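Structure first, commentary second.
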Amino acid sequence: MSAPSGENDFLHELQIEVEAEVVEVGWSRPEEAAGLPVADWLFDPADAEREEIALRGLLDAVEVLEDGACPGGPADDGQAGVHWQR
Numbered sequence: 018m019s020a021p022s023g024e025n026d027f028l029h030e031l032q033i034e035v036e037a038e039v040v041e042v043g044w045s046r047p048e049e050a051a052g053l054p055v056a057d058w059l060f061d062p063a064d065a066e067r068e069e070i071a072l073r074g075l076l077d078a079v080e081v082l083e084d085g086a087c088p089g090g091p092a093d094d095g096q097a098g099v100h101w102q103r
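Structure representation (structure tokens):
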């Protein structure tokens, strides 16, 4: 089942925004900042790496949503929303 056009437009725009954020994190060059004295850091390199990981995860999720859920996949067992009742 594919998503409605409006939802696809939103997801496409979100994907563009997240890709731009990933590029910006790359420009910050956290590996170079780690070589500087802590007093000279403009940001914590570990924070930049965590942000990049989170953004890439979000980007993967957007791509999955754009492609549509696979019928019969783990989320499509006919019991959506009732697992907590078992």
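Okay, so the sequence shown: first residue is 18 according to this note's numbering, each after it adds one.
Glycine included, every Cβ here is placed at the ideal spot set by N, Cα and C.
Since this is a predicted model, take the numbers as computed values, not measurements.
- The beta carbon of GLU66 sits closer than 8 Å to the beta carbons of PRO47 from its chain, once the five residues preceding and following it are set aside; these are given in chain order.
- Judged by beta-carbon spacing, GLN32 lies beyond the 8 Å limit of VAL81, meaning their Cβ atoms are not closer than that value.
- DSSP, read as helix, strand or coil, puts TRP44 in helix.
- The three-state reading of DSSP puts PHE60 in coil, since its state is none of H, G, I, E or B.
- With respect to ALA71, PRO62 sits apart: the two C-beta atoms are not nearer than 8 Å.
- In the three-state reduction of the DSSP assignment, GLY52 falls in the coil class, being assigned neither a helical nor a strand state.
- In the structure shown, GLY85 falls within a coil segment according to DSSP collapsed to helix, strand and coil.
- In this structure, LEU76 is the residue among GLY85, LEU76, PRO54 and GLU83 with its C-alpha nearest to the C-alpha of VAL39.
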